[in-house]
Amino acid sequence: MTDEHHPEVLAERLQAVRDGVADAARAAGRAPDEITTIVVTKFHPASLVRDLAALGVRDFGENRHQEAQAKAAEVADLDVHWHFIGQLQRKKARQVRAYASAIHSVDRAELAQALASDDAAIDAFVQVNLTDDPRRGGVAPDGVEALAEQVLATPGLRLRGLMAVAPLDEAARPAFARVRELGELVQRIAPEASALSMGMSHDYRDAILEGATHLRIGTAITGNRPG
């Protein structure tokens, strides 16, 4: 175990983020407990999930199916929720459903269809691409409403809201404000789909100010990935 993964160090980083979330929530006139912090554990061992679970973390995020599947199986005895946050291939959709309680990266109708199931519904977020780069995951802003309608019509999916990553070359808060505005459009057709998955280690405070309900926090809690 590296020093930065020592339980005491993990606990300090986790508490620092919790304090930051609470401060930002209060600044926005919001209750801290309406915000879910998802700890992103990609490239970290399952033992880190166990250590974080012992500190009270219940929501974990992964963006690669193979790693997520193996890690979820290794800690299957824990009462935790897995959030899939990476780009997802259609052929892997059903496998991801087997362990994930939420998929934050539904970015096309074909993927929604591949996720269809008669099993219990899982949470689905429509991912929005805030850049002009089609290689980035997400649907273009002008396609958000149509994709939201597709998710609403898909058995086995529960539309929760939108997910986005702020572009690296612009200020985060205006980008998050655009997501909030798109979310308001989605709520016209799905009033219950009010969740906004946005904000990472470096910009979660801005995300909270613009209404984020789900944060995806990696290094601020987990430390650097193993070498």
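Sequence positions in the sequence shown follow full-length UniProt numbering and run 1 to 227. No residue lacks a Cβ here, since even glycine has one placed at the ideal position from N, Cα and C.
Check whether T131 and P174 have beta carbons under 7 Å apart: One thing to note: T131 has its Cβ no nearer than 7 Å to the Cβ of P174.
Distance CB(K42)-CB(H65) smaller than 7 Å: no
For S101, three-class secondary structure by DSSP: coil
Contact check, I217 vs T37, beta carbons under 7 Å: Cβ atoms of I217 and T37: closer than 7 Å.
Buried versus exposed, by CB contacts within 10 Å (16 or more), N129: Flag for N129 reads buried.
Helix, strand or coil at Q15 [DSSP, three-state]: helix
T105 classed as buried or exposed, judged by whether at least 16 other C-beta atoms fall within 10 angstroms: Before going on, a small fix: residue 105 reads as Ser here, not Thr. By the neighbour-count rule (16 or more Cβ atoms within 10 Å), S105 is buried.
A153 - DSSP class collapsed to helix/strand/coil: Of the three classes helix, strand and coil, the one that applies to A153 here is coil, per DSSP.
S117 versus T213, A153, F125, residue with shortest Cα-Cα distance: A153
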